[in-house]
Amino acid sequence: MTPTQATLRQAICTLSLIDTVFHRLGVRIGSEELSPAEAWAETCRTFQQLDLQQRLPELIAALRAIAEPRPEYDARNMSALDYRIEALVQDYYRQANSPQPAKDS
């Protein structure tokens, strides 16, 4: 297995773990009807247990080296990949802050 394949394999495994654990957490939160504070506490605990604060930056760095082996930075110290990430983050916050349609009861 090449280093690139190993990195991609690790990324797939890590993202699959995160997806599975957070899906199960969501099912649990929904089925146990936890309060918002309890749901937030469970989410934080899960985040800590998965050690995402350590895992994700390492994984992102390894994937960036594959996706952008020789990044070119501009005056803002941003590469093409950085601008794509910035656009995704802006889209996320724009959607998160937009008024939600009323739910039919």
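Numbering follows numbering that gives the first Met the number 0, in which position 24 of the sequence shown is assigned residue number 23; successive positions increment by one, without gaps. Beta carbons: idealized from backbone N, C-alpha and C, even for Gly. Everything numeric in this text was worked out from a predicted model, so none of it was measured.
- Within the same chain, Cβ atoms closer than 7 Å to the Cβ of E71 are found at S78, the five residues on either side in sequence being excluded.
- In the three-state reduction of the DSSP assignment, D73 falls in the coil class, being assigned neither a helical nor a strand state.
- Taking the C-beta atoms as reference points, R63 is found no nearer than 8 Å to L51.
- Inter-segment contact for the segment 22-30 and the segment 41-57 is present: three or more beta-carbon pairs are separated by less than 8 Å.
- Residue range P2 to E31 is occupied by the alpha helix (DSSP H) that includes S30.
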